[in-house]
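Taking it in order: structure first as structure tokens, then the write-up.
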Amino acid sequence: MDVLWDVVPGTSDGVTVREVADALDGRELAYTTVMTVLDRLAGKGMVQREREGRAWRYRPAASREAHIAQLMLDALDLGGSRDAALVRFARSVTGTEAEVLRAALGSEAGLSSADTATGGADALTDRVDRPVGRRPAGEAAER
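Structural data, given as structure tokens:
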């Protein structure tokens, strides 16, 4: 997937098995091994492919960032308290990463940058720190 994400820009028609194998030069992988992996990735929906003559052209089905975000969401679904996992994650990020999260949450909620620096972040923390299933009076269900 790294080869596809790094080599194939969003507007590209994709790459062939040979081009992927060449990009993996130094790994001593057989052409058929690369072909099998790409075929399996296509079967799982991770790559898209189009026929070009006798060959296939492959490109990522989603960006690297979208794929990583989906992995994170899948991890949250593994069990236990989703809220607790989110809180643990939020407390483990660096200051810069926290600012990125604050800005993203603020823009998603329609808050101004001043709100995200003060009340917006506090509101999120208050909501997440509450026991699961308990909301303040008058707060509507979010799911």
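Residue numbers for the sequence shown follow our numbering, so the first one is -15 and each next one is one higher.
C-beta atoms are modelled at their ideal positions from N, C-alpha and C, and glycine is treated no differently.
From residue i to residue j, what distance separates their C-alpha atoms?
i: Arg43; j: Glu83; result: 32 Å
i: Asp(-14); j: Ala14; result: 18 Å
i: Glu92; j: Arg86; result: 10 Å
i: Ala59; j: Phe73; result: 12 Å
i: Ala39; j: Thr20; result: 13 Å
i: Asp61; j: Ala88; result: 21 Å
i: Gly90; j: Leu(-12); result: 32 Å
i: Arg35; j: Glu81; result: 41 Å
i: Val(-8); j: Glu12; result: 22 Å
Would you mind sorting residue i into buried or exposed? The rule is 16 or more other CB atoms within 10 Å of its CB.
i: Val18; result: buried
i: Leu55; result: exposed
i: Leu57; result: exposed
i: Val(-1); result: buried
i: Gly27; result: exposed
i: Val77; result: exposed
i: Arg48; result: exposed
i: Gly79; result: exposed
Could you give the residue range of the beta strand (DSSP E) that holds residue i?
i: Arg41; result: 39 to 44
i: Arg33; result: 31 to 36
Verify the CB distance criterion: does residue i have a CB-CB separation below 8 Å to chain B?
i: Leu13; result: The displayed structure is made up of one protein chain only, and chain B is not part of it.
Which residue marks the beginning of the alpha helix (DSSP H) containing residue i, and which one marks its end?
i: Thr17; result: 15 to 27
i: Asp56; result: Asp is not the amino acid found at residue 56; the sequence shown has Met there. Its alpha helix (DSSP H) spans residues 48 to 60.
i: Val(-8); result: From DSSP, Val(-8) is part of no alpha helix (DSSP H); its letter is neither H nor E.
i: Arg66; result: 66 to 76
i: Leu8; result: Taken as a continuous stretch (DSSP letters only), Leu8 belongs to no alpha helix (DSSP H), as it is neither H nor E.
i: Glu92; result: 79 to 93
Quick one: what's residue i bridged to in DSSP?
i: Val(-1); result: Tyr42
Q. Would you call the segment -1 to 15 and the segment 59 to 67 touching, i.e. three or more CB-CB distances under 8 Å?
A. no
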